[in-house]
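J.: Before I ask anything, let me first share the structure, which is written out below as structure tokens.
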Amino acid sequence: MSDPSKIKAQPPEKHTGIKLTHPQKLAGGIPAIVSSMKHIYGEVGVLEGTKTMLKINQFKGFDCPGCAWPDPDKERSVVEFCENGAKAVAEEATTARVDATFFRKYSVEELSGWSDYKIGKSGRVMEPMILKEGSTHYEPISWKAAFDTIGKQLNTLKSPDEAIFYTSGRTSNEAAFLYQLFVRQYGTNNLPDCSNMCHESSGSGLSETVGIGKGSVKLEDFYEAEVIMIIGQNPGTNHPRMLIALQKAKENGAKIITINPLSEAGLIRFKHPQKPLDVIGSGTKLTDLFLQVRVNGDVPLLKAMIKLLLEREKEAPGTVLDHEFIKNSTSGYEDLITDLGKYNLDELIAQTSITREKIEEAVDLLVGKKKIIACWAMGLTQHKNAVDNIREVVNLLLLKGSIGKPGAGTCPVRGHSNVQGDRTMGIWEKLKPEFGKKLKEVFNFEPPHKEGYDVVGAIKAMAEGKAKFFFAMGGNFLSATPDTELTARALEQCEMTVHVSTKLNRSHLVHGKTALILPCLGRTELDMQHSGKQFVTVENSTGVVHQSRGGKSPASTHLLSEPKIVAELAKATLGDKSNVDWDHLVSDYDHIRDVIEQTIPGFDNYNERVRKPGGFYLPNGAREGNFKTLTGKANFTVNKNPDHKQADDEYLMMTIRSHDQYNTTIYGLDDRYRGILHERRVVLMNGEDIKQAGLKLEEEVDLVSNYDGEKRIAKNFLVIPYDIPSRCIGTYFPEANVLIPYNHYAHTSKTPISKSVVVKVARR
68 MSDPSKIKAQ PPEKHTGIKL THPQKLAGGI PAIVSSMKHI YGEVGVLEGT KTMLKINQFK
128 GFDCPGCAWP DPDKERSVVE FCENGAKAVA EEATTARVDA TFFRKYSVEE LSGWSDYKIG
188 KSGRVMEPMI LKEGSTHYEP ISWKAAFDTI GKQLNTLKSP DEAIFYTSGR TSNEAAFLYQ
248 LFVRQYGTNN LPDCSNMCHE SSGSGLSETV GIGKGSVKLE DFYEAEVIMI IGQNPGTNHP
308 RMLIALQKAK ENGAKIITIN PLSEAGLIRF KHPQKPLDVI GSGTKLTDLF LQVRVNGDVP
368 LLKAMIKLLL EREKEAPGTV LDHEFIKNST SGYEDLITDL GKYNLDELIA QTSITREKIE
428 EAVDLLVGKK KIIACWAMGL TQHKNAVDNI REVVNLLLLK GSIGKPGAGT CPVRGHSNVQ
488 GDRTMGIWEK LKPEFGKKLK EVFNFEPPHK EGYDVVGAIK AMAEGKAKFF FAMGGNFLSA
548 TPDTELTARA LEQCEMTVHV STKLNRSHLV HGKTALILPC LGRTELDMQH SGKQFVTVEN
608 STGVVHQSRG GKSPASTHLL SEPKIVAELA KATLGDKSNV DWDHLVSDYD HIRDVIEQTI
668 PGFDNYNERV RKPGGFYLPN GAREGNFKTL TGKANFTVNK NPDHKQADDE YLMMTIRSHD
728 QYNTTIYGLD DRYRGILHER RVVLMNGEDI KQAGLKLEEE VDLVSNYDGE KRIAKNFLVI
788 PYDIPSRCIG TYFPEANVLI PYNHYAHTSK TPISKSVVVK VARR
């Protein structure tokens with residue numbers, strides 16, 4: 068029998084042999100090509116790897132399982148992918164296998180002692196597996212027995228609200244729609260998803276201010292923009308294809324302002340890996356002005372910039388602000404101006420770690436411009452005041468009239484390739500009344516109206532014994548969430564945990580009394596249902612819905628598609644209580660799209676329009692200058708500065724990804740652009756802070772956070788000097804997630820504070 072006390076919820080604390088080089092000042096080029104080939108050919112083979120890569124993001128190919136950066140609407144390159152896309156596909160298309168023999172050989176306890184990298188490299192899960200109560204090893208189970216086991220467990224719960232149904236961002240529209248339909252017919256809105264931990268703050272801030280929780284720009288807008296502001300984002304690692312759009316924007320005359328605590332290679336200079344002249348040349352300088360803001364100093368910085376813009380407007384009335392737009396299209400301007408008058412400019416600047424001269428340079432770039440795009444990612448969204456960060460960005464854009472016109476607008480850059488589509492399909496713990504009404508009308512049932520658990524609520528409910536069943540449609544819940552040890556204990560208290568997955572991850576090893584792994588088809592693989600070959604659809608960061616069609620032979624004959632898994636789960640759980648013909652829906656995914664069309668606005672003629680090359684755009688009021696807010700206009704907001712109380716020996720920690728990583732998936736152990744190789748347990752510190760603390764290069768330290776009297780410790784990190792503002796540090800996740808308190812989060816969005824955790828650095 069497995070002993071829960073011996074199951075490791077976190078990666079091992081040992082070091083793997085660090086090597087340091089100088090941080091790079093250029094992204095892309097030959098190293099990106101070599102890295103792509105190394106991963107795809109090493110995992111898949113040369114012939115099959117080449118065939119697969121040539122289908123990524125093509126009109127009749129499959130959508131990259133990595134990020135949600137948009138593809139060109141019309142003409143596309145033969146190689147429409149990036150280094151991280153190659154890594155993501157290599158992970159999925161790998162020839163490595165996790166089968167019954169593997170699970171007989173390795174116990175759950177032994178596997179939990181492996182690193183996340185080693186666990187992920189084990190290979191594709193080949194058939195349904197079950198870990199029975201009291202057992203030490205997973206063993207095979209038939210699909211029918213698996214569904215019957217899950218259905219029986221769900222039907223023994225005292226209330227549907229004792230079950231939690233999590234969703235990862237890579238799930239297709241078709242699977243997500245069926246999933247939320249099943250969950251709501253079962254009787255709960257417990258639908259937490261990965262958005263709760265990333266862009267929930269964007270959705271909250273944008274919905275309030277411009278009336279839609281999505282970005283307002285198209286890819287083509289980057290080519291018309293005069294100024295592009297990139298805030299709290301590292302596209303060179305997280306969204307490398309974005310660098311191609313920025314390169315083209317620069318060629319068209321755009322200026323780029325980068326605001327970030329770290330200077331990232333991808334925003335300094337870029338060589339397009341697919342352009343021979345770029346590869347042999349010096350590449351393109353991207354950032355015109357770098358503002359190295361301290362961690363979570365964005366609101367003071369934006370307020371300072373706005374105050375300086377107002378000063379310029381006073382000096383030259385009518386030349387800086389867009390008064391016509393402010394008058395006709397916005398609300399709350401006077402309140403904003405009144406609030407700004409309460410702040411001292413020098414005090415605001417002091418909170419940013421940036422000189423006034425640098426901020427004046429940024430204002431100079433904005434003064435005469437209206438075509439301004441603001442892009443951001445987790446650097447803005449994972450703070451206690453994250454929603455304020457987003458709203459302050461919107462304030463700046465509204466003053467300039469930079470929303471609702473070509474070449475201007477908001478651009479929250481999403482992570483997983485369909486995280487935005489999942490929300491569009493209804494994956495949300497808050498059932499919108501109009502959506503609930505449509506579900507009732509189309510499917511003839513009364514959906515639950517009680518608000519369900521988000522991620523934070525789900526962890527709390529499981530920890531307190533209020534939730535006893537956990538189901539994950541993809542993802543790695545344990546490693547993605549905050550407060551790792553608490554989350555592990557919460558999962559272990561469940562009667563049953565179930566994961567729909569392609570590969571093994573740490574969440575499979577920290578489990579309820581009974582645990583199941585349900586292996587599904589990947590994006591690259593052929594999906595055959597009763598009517599023949601199927602395709603699914605996804606939505607990218609700019610609201611384009613398009614096809615994804617896999618073609619590879621499945622890794623195993625025992626794999627099911629996600630829609631099929633949901634349908635069988637619904638049948639086994641609901642039985643005659645559901646009047647939905649689940650078999651009919653999954654026999655041909657056109658049937659699923661037909662009912663989506665009937666239920667969700669914007670999907671008229673869904674099956675017809677999605678078959679056109681490139682798909683179609685969903686309606687976007689903010690893009691059209693039609694702000695569907697409570698005031699009927701775009702809203703200025705009054706936002707407070709962050710208030711971090713740090714003792715003299717405390718630092719503000721932000722968690723970051725390495726270059727060999729996408730979300731919780733570890734592709735390798737090198738952070739090539741930052742010059743940190745073969746090691747992940749590192750803490751990046753300002754050189755002067757290291758001296759002042761009496762620390763040394765590569766000294767082993769523990770990181771300690773203390774919230775509400777509870778001490779959390781992440782052990783055995785190596786001190787690395789790095790160009791980061793004083794009193795700020797950087798660490799990789801998920802290694803540092805243990806330090807993040809689950810119950811400290813952004814107001815409104817409840818996104819955990821993963822980018823601003825107060826910690827101490829303790830000598831061992």
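Numbered as in the numbering used here, the sequence shown ends at 831 without a single skipped number. Cβ atoms here follow ideal geometry from the backbone N, Cα and C, with glycine treated the same way. The structure displayed is predicted, hence computed values, not measured ones.
Which of the three DSSP states, helix, strand or coil, is assigned to asparagine 804?
T.: Locating residue 804 in the sequence shown gives position 737, counting from the first residue. Correct three-state label for asparagine 804: helix.
J.: Where do the ends of the beta strand (DSSP E) carrying aspartate 769 lie?
T.: Taking the first residue of the sequence shown as 1, we reach residue 769 at position 702. 767–774 is the span of the beta strand (DSSP E), which, as asked, contains aspartate 769.
J.: Note down, in chain order, each residue of its chain lying with its Cβ closer than 7 Å to the Cβ of lysine 75, except the 5 sequence neighbours on either side.
T.: For this step, residue 75 is matched to residue 8 along the sequence shown. Taken in chain order, the residues that qualify are Ser179 and Gly180.
J.: According to DSSP, simplified to helix, strand and coil, what is valine 705?
T.: One-based indexing of the sequence shown puts residue 705 at position 638. Valine 705: coil per DSSP, three-state reduction.
J.: Would you mind listing the alpha helix (DSSP H) stretches within the segment 427–467 that are 4+ residues and don't spill past its ends, in chain order?
T.: DSSP runs (the alpha helix (DSSP H)) wholly in the segment 427–467: 445–448 and 453–466.
J.: Determine the extent of the alpha helix (DSSP H) in which histidine 651 is found, giving its start and end residues.
T.: Mapped onto the sequence shown, residue 651 falls at position 584. Taken as a continuous stretch (DSSP letters only), the alpha helix (DSSP H) holding histidine 651 covers 649–654.
J.: Quick one: grab the DSSP three-state call for tyrosine 718.
T.: What you label residue 718 is simply residue 651 of the sequence shown in a count that begins at 1. Three-state DSSP puts tyrosine 718 in a strand.
J.: In angstroms with no decimal places, state the Cα-to-Cα distance between glycine 446 and proline 473.
T.: On the sequence shown, residue 446 is found 379 positions in, with the first residue counted as 1. On the sequence shown, residue 473 is found 406 positions in, with the first residue counted as 1. One C-alpha to the other measures close to 26 Å.
J.: Run through DSSP, which three-state label would glutamate 206 get?
T.: As a working note, residue 206 is residue 139 in the sequence shown. Glutamate 206 falls in the strand class under three-state DSSP.
J.: In three-state DSSP terms, what is methionine 68?
T.: For the purposes of this step, residue 68 is identified with residue 1 of the sequence shown, where counting begins at 1. With a pLDDT of only 44 at methionine 68, under 50, the local geometry of the prediction cannot be trusted, and no value is derived from it.
J.: In terms of residues, what are the limits of the alpha helix (DSSP H) holding methionine 193?
T.: Taking the sequence shown and counting its residues from 1, the one referred to as residue 193 is at position 126. Counting along the chain, methionine 193 falls outside any alpha helix (DSSP H), and DSSP gives it neither H nor E.
J.: What does DSSP give as the partner residues of glutamate 592 in its beta bridges?
T.: For the purposes of this step, residue 592 is identified with residue 525 of the sequence shown, where counting begins at 1. DSSP, once it has assigned bridges, lists Lys619 as partnering glutamate 592.
J.: Should arginine 458 be labelled buried (16 or more other beta-carbon atoms within 10 Å of its own) or exposed?
T.: In the sequence shown, counting from the first residue as 1, residue 458 sits at position 391. Result: buried.
J.: As a quick exercise: from Leu412, Asp183 and Asp140, pick the residue whose alpha carbon is nearest that of tyrosine 734.
T.: Translated into positions along the sequence shown, residue 734 becomes position 667. Of Leu412, Asp183 and Asp140, the residue nearest in Cα terms is Asp183.
J.: When the cut-off is 8 Å and only beta carbons count, does lysine 409 lie next to chain B?
T.: Absent from the structure: chain B. Only one protein chain is present.
J.: Alpha carbon to alpha carbon, how far is glycine 133 from threonine 304?
T.: Indexing the sequence shown from 1 puts residue 133 at position 66. Indexing the sequence shown from 1 puts residue 304 at position 237. Rounded to the nearest angstrom, the two C-alpha atoms are 11 Å apart.
J.: If you draw a straight line from the C-alpha of threonine 83 to the C-alpha of isoleucine 743, how long is it?
T.: Numbered from 1 along the sequence shown, position 16 holds the residue referred to as residue 83. Numbered from 1 along the sequence shown, position 676 holds the residue referred to as residue 743. Going from the Cα of threonine 83 to the Cα of isoleucine 743 covers about 12 Å.
J.: Considering just the uninterrupted stretch of the alpha helix (DSSP H) at alanine 547, what are its terminal residues?
T.: Within the sequence shown, the letter at position 480 stands for residue 547. 544–547 is the span of the alpha helix (DSSP H), which, as asked, contains alanine 547.
J.: Applying the 10 Å Cβ sphere with the 16-neighbour rule, what's the burial state of alanine 820?
T.: Taking the first residue of the sequence shown as 1, we reach residue 820 at position 753. For clarity, residue 820 is isoleucine in the given sequence; the question names alanine instead. With 16 or more other Cβ atoms within 10 Å, it is buried.
J.: Would leucine 369 pass as a contact of valine 460 if the rule is Cβ separation under 8 Å?
T.: Position 302 of the sequence shown, counted from the start, is the residue given in the question as residue 369. Position 393 of the sequence shown, counted from the start, is the residue given in the question as residue 460. Contact: yes.
J.: Provide the residue(s) that pair with threonine 604 in DSSP beta bridges, ordered along the chain.
T.: Stepping through the sequence shown from its first residue, residue 604 is reached at position 537. Answer is Gln614.
J.: In this structure, how does DSSP classify alanine 371 when only helix, strand and coil are distinguished?
T.: Here residue 371 refers to the residue found at position 304 of the sequence shown. Here alanine 371 sits in helix by DSSP.
J.: For glycine 201, which option in Met540, Trp649, His578 and Phe544 has the closest C-alpha, if you only look at C-alpha atoms?
T.: Within the sequence shown, numbered from 1, the residue matching residue 201 stands at position 134. When only C-alpha atoms are compared, the closest one is His578.
J.: Does DSSP put methionine 492 in a helix, a strand or coil?
T.: To locate residue 492, count along the sequence shown from 1; it is residue 425. Three-state DSSP puts methionine 492 in coil, outside helix and strand.
J.: Sort Ser620, Ile326 and Gly488 by Cα distance to glycine 299 and report the nearest one.
T.: Counting from 1 along the sequence shown, the entry for residue 299 is found at position 232. It is Ile326 whose Cα lies nearest to the Cα of glycine 299.
J.: Once you ignore the five residues that flank glycine 589 on each side, which residues in its own chain have a CB closer than 6 Å to its CB?
T.: In the sequence shown, counting from the first residue as 1, residue 589 sits at position 522. Here the set comprises Glu159 and Thr569.
J.: Would you be able to state if there are at least three C-beta pairs under 8 Å between the segment 361–381 and the segment 398–412?
T.: They touch, by the three-pair rule.
J.: Out of Asp138, Glu629 and Leu334, which one is the CA nearest neighbour of aspartate 594?
T.: Along the sequence shown, read from residue 1 onward, the residue named residue 594 stands at position 527. The option with the nearest alpha carbon to aspartate 594 is Glu629.
J.: Under the three-state reduction of DSSP, which class applies to threonine 88: helix, strand or coil?
T.: As a position in the sequence shown, residue 88 is number 21, starting the count at 1. Looking at threonine 88 - three-state DSSP - the assignment turns out to be coil, as it is neither helix nor strand.
J.: In the DSSP output, what is valine 387 paired with across the bridge?
T.: The residue you call residue 387 lines up with position 320 of the sequence shown. Partner(s): none; valine 387 has no beta bridge.
J.: Just to confirm my understanding: we take arginine 143, look at its own chain, exclude 5 residues before and 5 after, and list those with CB closer than 8 Å. What are they?
T.: Against the sequence shown, residue 143 aligns to sequence position 76. Same-chain partners within the cutoff: Asn124, Gln125 and Phe126.
J.: Our contact map puts alanine 701 next to isoleucine 470 with C-beta atoms below 8 Å; I'd like the distance itself, whole angstroms only.
T.: Taking the sequence shown and counting its residues from 1, one reaches residue 701 at position 634. Taking the sequence shown and counting its residues from 1, one reaches residue 470 at position 403. That belief holds up - the Cβ atoms of alanine 701 and isoleucine 470 are roughly 6 Å apart, short of 8 Å.
J.: DSSP three-state call for cysteine 149: helix, strand or coil?
T.: Within the sequence shown, the letter at position 82 stands for residue 149. Three-state DSSP puts cysteine 149 in coil, outside helix and strand.
J.: Have a look at lysine 105 and lysine 185 and give me their C-alpha separation to the nearest angstrom.
T.: Reading the sequence shown from its first residue, position 38 is the one you call residue 105. Reading the sequence shown from its first residue, position 118 is the one you call residue 185. Roughly 17 Å separates the two Cα atoms.
J.: Work out the CA separation of glutamate 229 and alanine 94 for me, nearest whole Å.
T.: Along the sequence shown, one-based indexing puts residue 94 at 27. Along the sequence shown, one-based indexing puts residue 229 at 162. Going by the C-alpha atoms only, they are around 47 Å apart.
J.: Of all the alpha helix (DSSP H) runs that stay within the bounds of the segment 211–243, which reach a length of 4 or more residues?
T.: DSSP runs (the alpha helix (DSSP H)) wholly in the segment 211–243: none.
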